[in-house]
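Note that the protein sequences, when read in sequence, are chains E and V.
Heads up: the first sequence begins at 1318 in the numbering used here, then just goes up one per residue.
Heads up: the second sequence begins at 1318 in the numbering used here, then just goes up one per residue.
Comments concern the structure below.
Number of protein chains: 2
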Amino acid sequence: MTASRTARERVRAELTREITDIARRQLAIEGAGGLSLRAVAREMGMVSSAIYRYFPSRDDLLTALIIDGYNALGAAVEEADKAGPPGDFAGRWLAVCHAVRDWALAHPHEYTLLYGSPVPGYQAPEETIEARLRDVAVFGRIVSQAYEAGALTPPDLAPPAPAALSGDADNLRQIMPGVPDDLIFRGLTAWTGLYGWVNFEVFGQFENTLEERRDGFEQSVRTLGALLGLRPV
Amino acid sequence: MTASRTARERVRAELTREITDIARRQLAIEGAGGLSLRAVAREMGMVSSAIYRYFPSRDDLLTALIIDGYNALGAAVEEADKAGPPGDFAGRWLAVCHAVRDWALAHPHEYTLLYGSPVPGYQAPEETIEARLRDVAVFGRIVSQAYEAGALTPPDLAPPAPAALSGDADNLRQIMPGVPDDLIFRGLTAWTGLYGWVNFEVFGQFENTLEERRDGFEQSVRTLGALLGLRPV
DNA sequence: ATTCGTCAAGAGCGGTGCTCTCGTTTCTTC
DNA sequence: GAAGAAACGAGAGCACCGCTCTTGACGAAT
């Protein structure tokens, strides 16, 4: 390819970006169901069919938004993880949990796109899985590093993971290298617990039930962290 | 009202029921987004406008389905709770968790309607909240009864709930009567953890990540139960 | 027997995703 | 620099959607 792109390529990239920007704004207002190609086109002063020059279908536009969303959430989580001292594993866990919650509450519809019910008829393509792993990789890294540092003192309260799960544990060890089976599944429980809470909060399940949600959340993820043996320094 | 309903009332009730049945079937196939009044009407051999004699809007039909869903899930959970010995609290917790998961996997779209991302533009009316509490009431009852029976030996691993949460704890005590603050929030964590897992499984988040999902689920809810101090008898 | 409420049907409104064609513009190649 | 190829925006149109309004038929109560 040539070093300097042609004018056409530049305007194409710019229009593509403008489409996703407008779409993201509409998504933030109306949610995934309200995302309309025609409305995007209208706002751009284009005719609806012109959008199809840039995105072959509504689903492809959705895919672009999903990838952007995973990257935005992943970046927020990574940044929160870097903020504190690397040896304070409990603090990193807490910071990262808050980063997920804060991002989700700030971008509820984008979060819904990532972790909510799948959009009917939409099938996430391969391209999304790379970005999808950014946030979970951070969690895995914390657990893994904490374990290697000998900072985990997990309480013994549940029966050990059955042998049937060892294959899955091997898979999950790609995310939490070096961690023994039992801790792998405690990590999984903490992870699903975290997102379970955030889901409930974003989807309005705590309405009229819980007021001090930030405090409640922190209490919950502290408990989940203690499950892993993450004790505050 | 008269003891015997008129023929008109009977046929009306029957048609209403037929509409919800067809709608539920379409929901099961296509999901909430694919639920179309016109398609329901087509399947009934009616014209679309006739449906509006029975449901003033699509949202009202959705509401009917949601209430039915809460009741179906609630009934399944209640039945699972009654199946075992009342004194085996750990067993009841496990059975009830499996009941939630089994029902959700058997009716993924209905479950999505209840615990997934909110349907865009739809606002759940007051009538749904009664049915909505059926399943959670069962969980609360188990925790409450186990505590009163002295069957809970919660491990001390997390800091106690902060004072700011005592108001919320009072609210939640309606569901878990007699339970102290700390256990209230452990119960909340276990509850969100359970639904967090089921959400991930129903929404496809475990695809290519976890194979033995039933075993993994059981391991997870066992751990969450241990958090509450629920030890197998 | 007549009135009155209920009902299904039909036409129609504004919206959607998407396809196809058509004339124009831009880039590439000779 | 001219010719061909590729990309592009506009427009019309298809089938679908939720929803509204009107019309005519039917059944129940007076």
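All C-beta atoms in this analysis are idealised placements derived from N, C-alpha and C, irrespective of residue type, glycine included.
Reduced DSSP category for residue i - H, G, I as helix; E, B as strand; rest coil
i               : result
L1527 (chain E) : coil
L1450 (chain V) : coil
T1319 (chain E) : Reliability of the predicted coordinates at T1319 (chain E) is poor, the pLDDT of 41 falling under 50, and no value is obtained from them.
Contact check, residue i vs residue j, beta carbons under 9 Å
i               : j               : result
L1430 (chain E) : L1378 (chain E) : no
T1575 (chain V) : S1537 (chain E) : Lying outside 1318 to 1550, the shown extent of chain V, residue 1575 (chain V) is not represented and no answer is given.
L1390 (chain V) : V1417 (chain V) : yes
M1493 (chain V) : V1460 (chain V) : yes
G1546 (chain E) : A1468 (chain E) : yes
H1426 (chain V) : A1349 (chain V) : yes
L1411 (chain E) : V1519 (chain E) : no
G1457 (chain E) : F1502 (chain V) : no
N1388 (chain E) : A1340 (chain E) : no
D1498 (chain E) : A1478 (chain E) : yes
G1351 (chain V) : G1510 (chain E) : no
A1441 (chain E) : I1383 (chain E) : yes
Y1464 (chain V) : V1515 (chain V) : no
D1376 (chain E) : G1438 (chain E) : yes
Q1462 (chain V) : P1549 (chain V) : no
L1332 (chain V) : Y1371 (chain V) : yes
T1526 (chain E) : L1489 (chain V) : yes
G1504 (chain E) : E1529 (chain V) : no
L1544 (chain E) : L1544 (chain V) : yes
T1337 (chain E) : A1381 (chain E) : yes
Proximity test, Cβ basis, 9 Å: residue i and chain E
i               : result
A1481 (chain V) : yes
T1540 (chain V) : yes
E1444 (chain V) : no
F1406 (chain V) : no
D1452 (chain V) : no
P1402 (chain V) : no
E1529 (chain V) : yes
V1519 (chain V) : yes
S1353 (chain V) : no
R1327 (chain V) : no
P1497 (chain V) : no
E1347 (chain V) : yes
Residue-level contact to chain V via CB, residue i, 9 Å cutoff
i               : result
L1332 (chain E) : no
R1375 (chain E) : no
L1379 (chain E) : no
W1514 (chain E) : yes
V1550 (chain E) : no
T1509 (chain E) : yes
P1435 (chain E) : yes
Y1464 (chain E) : no
T1578 (chain E) : In the structure as shown, chain E starts at 1318 and stops at 1550, and residue 1578 (chain E) therefore has no counterpart that could be examined.
Y1494 (chain E) : The sequence shown places Pro at residue 1494 (chain E), rather than the Tyr named in the question. No, P1494 (chain E) does not count as interfacial toward chain V.
D1419 (chain E) : no
F1372 (chain E) : no
A1356 (chain E) : no
Q1343 (chain E) : no
G1438 (chain E) : yes
Residue i, enclosing alpha helix (DSSP H) - first and last residue
i               : result
A1416 (chain V) : 1406 to 1423
T1470 (chain V) : T1470 (chain V) -> no alpha helix (DSSP H), and no H or E assigned at all.
M1361 (chain V) : 1354 to 1361
Y1512 (chain V) : 1498 to 1519
Q1484 (chain V) : This sequence places Gly at residue 1484 (chain V); Gln is not what is there. Start and end: 1483 to 1489.
Residue i: CB within 8 Å of a non-hydrogen atom of the ligand FAD
i               : result
T1445 (chain E) : The model on display carries no ligand, and the ligand FAD is accordingly not part of it.
**Report entry** Complete alpha helix (DSSP H) runs within the stretch 1321 to 1398 of chain E (minimum length 4 residues, chain order)
**Finding:** 1324 to 1347, 1354 to 1361, 1365 to 1368
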